[in-house]
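Counting from 1, position 157 in the sequence shown corresponds to residue 157 in the UniProt record's numbering; the numbering is continuous, with no gaps. Backbone N, C-alpha and C fix where the C-beta goes; we use that ideal spot for every residue, glycine too. Since the structure is predicted, the reported quantities are computational estimates derived from the model, not experimental observations.
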Amino acid sequence: MRSRLPAELNRFVGRDRELERLARRLREARMVTVTGVDGVGKTRIALRAAAAAAEQERYCDGVRLVELSALDDPGLLGHAFVEALGLTDHTARPPRRLLLDHLAERRILLVVDGFEQLVDSCAELLRELLRACPDLRVLAAGRLPLRIDGERVFPLAPMGDEDALRLFTERAAGVRAGERSVEGHEVAAAGLCRRLDGIPLALELAAGRLGTLSVEQLLRRLDDRFRLLTGGGRGALPRHGGPGAGSSGRRRAGVGARARGSAARGGAHAKARRLPLRAERGDGGLKR
Ligand SMILES: Nc1ncnc2c1ncn2[C@@H]1O[C@H](COP(=O)(O)OP(=O)(O)OP(=O)(O)O)[C@@H](O)[C@H]1O
Ligand SMILES: [Mg+2]
């Protein structure tokens, strides 16, 4: 079994039920797309599901990641796939031909991530590949579906309270001076996780601040922010739903972020400067 996926750099937390459901979807459909808001964990869960799938006979020719987040030119899309598959060619075949020839009789799972800026070209290429290569399967991850016939959409909701607290605690433990910051402060930490509505990227960024702020200080600062936005009142901001909104109806705070790139790189902190937290809904945020 040849799988070439990036190794995880930090611990994967929770998502047991989602992983089970995603595995089932992957067995049922040739193309599955994990969708959801920025930083909700699409890349991370897709890679996890793909790594588990790599053990299966169905993918005896391997599992490959096609990471497109750095690509803006649709003209280079085929090349990106060729490169991800490690294909070298000494003929003048165009990338598409090369891909079709290579994938025609192979049992491969392609994980396609970060395609948002190239959604139309990517959908067109995948449609062609899936039509011509009967044993090809695709697991995509993006904010919106690709809208290809046969695509099964897997909307990923924010983490539940328990997983969110575990992730926050886990990441806090990795922060210097933040090591023991959750211990004895579980109530505030749980409040913080709820305030960040279980968005993993937001939880990681918050944990990253524990070197200089306590959990209570962080929570207070977030409160102040919501108060500022709502003019001190509750429910002043309009309700806002959308892809990835928690199925439980939990309020969510999105992250105004392009958190693309391999989650396995664990690059949340590097993204921090570009990621102001954005209150998409402020109503419930003030409740405690
Ligand atoms: N289940 C999890 N366990 C541990 N870390 C997680 C988990 N889910 C997400 N993360 C971490 O949270 C951050 C955001 O996750 P990820 O990059 O997968 O989100 P995304 O939905 O793909 O974001 P984007 O919309 O920007 O592509 C990453 O640093 C990732 O490693
Ligand atoms: Mg992603």
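Per-residue burial, residue i [other beta carbons within 10 Å of its own, 16 or more giving buried]
i    : result
V187 : exposed
L9   : exposed
H102 : buried
G75  : exposed
P95  : buried
G150 : exposed
D224 : exposed
E55  : exposed
One or two residues paired with residue i in a DSSP bridge
i    : result
D113 : E67 and A141
R4   : R64
M159 : Paired residue(s): none; M159 is not in a bridge.
E151 : M31
Own chain residues within Cβ distance below 7 Å of residue i, not counting five before or after
i    : result
A104 : A132 and C133
V153 : T33, T35 and P145
D89  : L98
R209 : L218
R11  : E170
6 Å CB neighbourhood of residue i in its chain, flanking five on each side removed
i    : result
A263 : With a pLDDT of only 36 at A263, under 50, the local geometry of the prediction cannot be trusted, and the value read off the model is given with reservation. Contacts found: T43 and R44.
D61  : R106, R107 and I108
A141 : V34, K42, T43, A46 and D113
D135 : R107
V182 : T169, A172 and A189
R137 : R30 and L109
E216 : A188
H79  : P95
A84  : R64 and V66
F81  : V66 and L99
H185 : V215
Proximity winner among the options, relative to residue i (alpha-carbon distances)
i    : options                : result
I108 : D38, R11 and R30       : R30
D73  : T88, L118 and H90      : L118
S3   : G86, D223, V40 and R27 : G86
A51  : R24, R96, L5 and L136  : L5
M159 : R221, G36, A80 and A84 : G36
E116 : E204, L71, E18 and Q56 : L71
D120 : T91, L77 and R17       : L77
Any C-beta of chain B under 8 Å from that of residue i
i    : result
A202 : Looking for chain B here will not work: only one protein chain is present.
Rounded distance between the beta-carbons of residue j and residue i, thought under 8 Å
i    : j    : result
V175 : A207 : 6 Å
R58  : V111 : So it is not a contact: roughly 14 Å between Cβ atoms.
V40  : P145 : About 15 Å separates the two Cβ atoms, so there is no contact after all.
L167 : C122 : Not confirmed; about 30 Å, so no contact.
L99  : L129 : 6 Å
L156 : L26  : Contact flag wrong, Cβ pair sits at about 14 Å.
R195 : L222 : 5 Å
L219 : L192 : 5 Å
Same chain, Cβ closer than 8 Å to residue i, neighbours up to 5 away in sequence not counted
i           : result
D163        : V13, G14, R15 and G198
A23         : A49, A52 and A53
R93         : D101
P243        : Its pLDDT being 33, under 50, P243 is placed unreliably by the model, and the measurement read from it follows with that caveat. For P243, where only same-chain residues beyond five positions count, the Cβ hits under 8 Å are T35, G36, V37, R143, L144 and P155.
R147        : A123
L19         : I45, R48, A49 and A52
R21         : F154
E28         : R152
residue 340 : Residue 340 falls outside the range modelled here, since the chain spans only 1 to 288, and no answer is possible.
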